[in-house]
Amino acid sequence: MYDAVLYQNFDINCSSTYNELQDSYADPDHIKKNNMTEQILEFLEKAGLIITVFAVLVIVIGFARATVRYFLRLRKLSPEENFSTFKIALGTALLLGLEILVLADVIETITVESTYESLAGLAFIVVLRTGVSWTLALETEGHWPWQEDAEEHGHA
Amino acid sequence: MPDVVHQNLALLTQLLDIAGAAFLVLGFIISTARYLIAYFQQRDALGDYRQALGRVVIIGLEVLVASTIIKTITLAENLESLSLLAIMIIIRTVLGWTISLETGGRWPWQSTR
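Note that the protein sequences, when read in sequence, are chains A and B.
For the numbering used here, count along the first sequence from 1 and bump the result up by 291.
For the numbering used here, count along the second sequence from 1 and bump the result up by 203.
Okay, here's the thing in structure tokens:
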């Protein structure tokens with residue numbers, strides 16, 4: 292009798308998965324993709340990965356370059372000047388890397404099934420990039436991006 | 204809606220997705236190549252490079268939003284896809300605003316100085 296119940300359950304499970312399978316074929320989002328689109332999506336996935344690696348390389352190389360320059364300028368510039376140049380160089384490398392990461396992430400939202408998680412990741416990177424960009428602009432130009440340039444305004 | 208229309212619209216959104224992605228990849232390659240050429244010619248083109256990347260992202264996202272809007276026709280009963288579209292549109296709009304702020308120095312709703 293136990294076996295019969297088990298078999299019955301198994302049967303129910305089987306039929307439910309079969310129904311799900313049929314539903315997924317009826318769903319326009321799950322139509323059988325032809326071979327070419329699949330290959331293109333695979334290629335795009337690789338391209339997104341390469342761009343992500345490129346962005347990481349931009350950050351790492353930018354940091355290494357800024358550090359080397361910091362030590363080379365140790366005797367030429369005053370400590371304050373050298374430090375601020377170093378800080379701006381680090382921020383610029385970070386900003387460029389984040390900008391490229393945004394591009395790679397937008398490609399990833401196509402190749403990866405778009406979910407709340409992947410879109411939240413994209414939104415988070417955009418917020419992060421914007422924050423770094425604004426604070427960097429504040430440090431290099433002395434005002435927020437939405438404020439008018441005080442000197443420019445004085446001349447006008 | 205008939206099944207044939209659904210399937211063709213789904214295929215169309217896939218093609219739009221691929222077109223947007225291709226634009227992003229090609230735009231990235233071209234702008235990076237141009238920056239590297241300028242870099243080896245001892246020109247400082249970092250600002251131009253960042254602006255080119257921003258423009259590529261704006262146009263690419265515009266194409267992707269078009270495909271997402273068509274998806275809401277085929278999947279109109281699905282609340283999840285609608286909210287994903289909403290999130291995508293918010294990201295695109297905010298990104299467009301901040302990039303135009305960084306390149307032009309003002310918000311899109313501010314008049315030109």
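We put the CB at the ideal spot given by N, CA and C, even for glycine.
- Query: Closest Cβ-Cβ distance between B/Thr275 and chain A: below 9 Å?
  - Reply: no
- Taking Cβ-Cβ distances shorter than 7 Å, what residues in chain A pair up with B/Phe231? Ile342, Leu394
- Query: Between which two residues does the alpha helix (DSSP H) harbouring B/Gln210 extend?
  - Reply: 206 to 243
- Message: Going by beta-carbon coordinates alone, are B/Ile273 and B/Leu227 separated by less than 9 Å?
- Response: no
- Query: From B/Ser270, B/Pro311, B/Thr301, B/Met291, pick the residue whose C-alpha is nearest to that of A/Val423; which is it?
  - Reply: B/Thr301
- Task: Establish whether the CB of A/Phe354 and some CB of chain B are separated by less than 9 Å.
- Result: no
- Task: Taking only runs that begin and end inside the segment 364 to 388 of chain A, name each unbroken alpha helix (DSSP H) of 4 or more residues, in chain order.
- Result: none
- Item | Neighbouring residues, chain A, relative to B/Gly263 (Cβ below 7 Å) | Val397
- Does the count of Cβ pairs from the segment 354 to 364 of chain A and the segment 240 to 252 of chain B closer than 8 Å reach three? no
- Query: Mind checking B/Leu207: buried by the 16 CB within 10 Å criterion, or exposed?
  - Reply: According to the sequence provided, residue 207 of chain B is Val. The question's Leu does not apply to it. Per the 10 Å Cβ criterion, exposed.
- Task: Indicate whether the contact test is met: 3 or more Cβ pairs, each with one atom in the segment 371 to 378 of chain A and one in the segment 255 to 273 of chain B, closer than 8 Å.
- Result: no
- Under 8 Å by Cβ, that's how I've got A/Ala395 and A/Gly353 pegged, so tell me the actual separation to the nearest angstrom. Going by Cβ atoms, the distance from A/Ala395 to A/Gly353 rounds to 17 Å, so no, they are not a contact pair.
- Cut-off 8 Å between Cβ atoms - residues of its own chain near A/Thr308, not counting five sequence neighbours on either side: Note on A/Thr308: pLDDT 48, under 50, position unreliable in the model; the coordinate value appears next. Excluding residues within five positions, none has a Cβ falling inside 8 Å.
- Exposure of A/Phe415, with buried meaning 16 or more beta-carbon neighbours within 10 Å: exposed
- Query: Any contact of the segment 433 to 440 of chain A with the segment 227 to 237 of chain B, i.e. 3+ C-beta pairs under 8 Å?
  - Reply: no
- Message: Please give the ranges of any alpha helix (DSSP H) in the segment 407 to 438 of chain A, keeping only runs that are unbroken, at least 4 residues long and fully inside the region.
- Response: 407 to 432
- Message: So A/Ile350 contacts chain B; which residues on that side make the cut at Cβ distance below 8 Å?
- Response: Simply none; closest approach about 14 Å.
- Alpha carbon to alpha carbon, how far is A/Tyr407 from A/Leu392? Give it in angstroms, no decimals. 19 Å
- Query: For chain A, is any of its Cβ atoms less than 9 Å away from the one on B/Ser314?
  - Reply: no
- Message: Tell me the rounded alpha-carbon separation between A/Lys337 and A/Gly433.
- Response: 41 Å
- Query: If we cut at 9 Å on Cβ distances, does A/Pro436 have a partner in chain B?
  - Reply: yes
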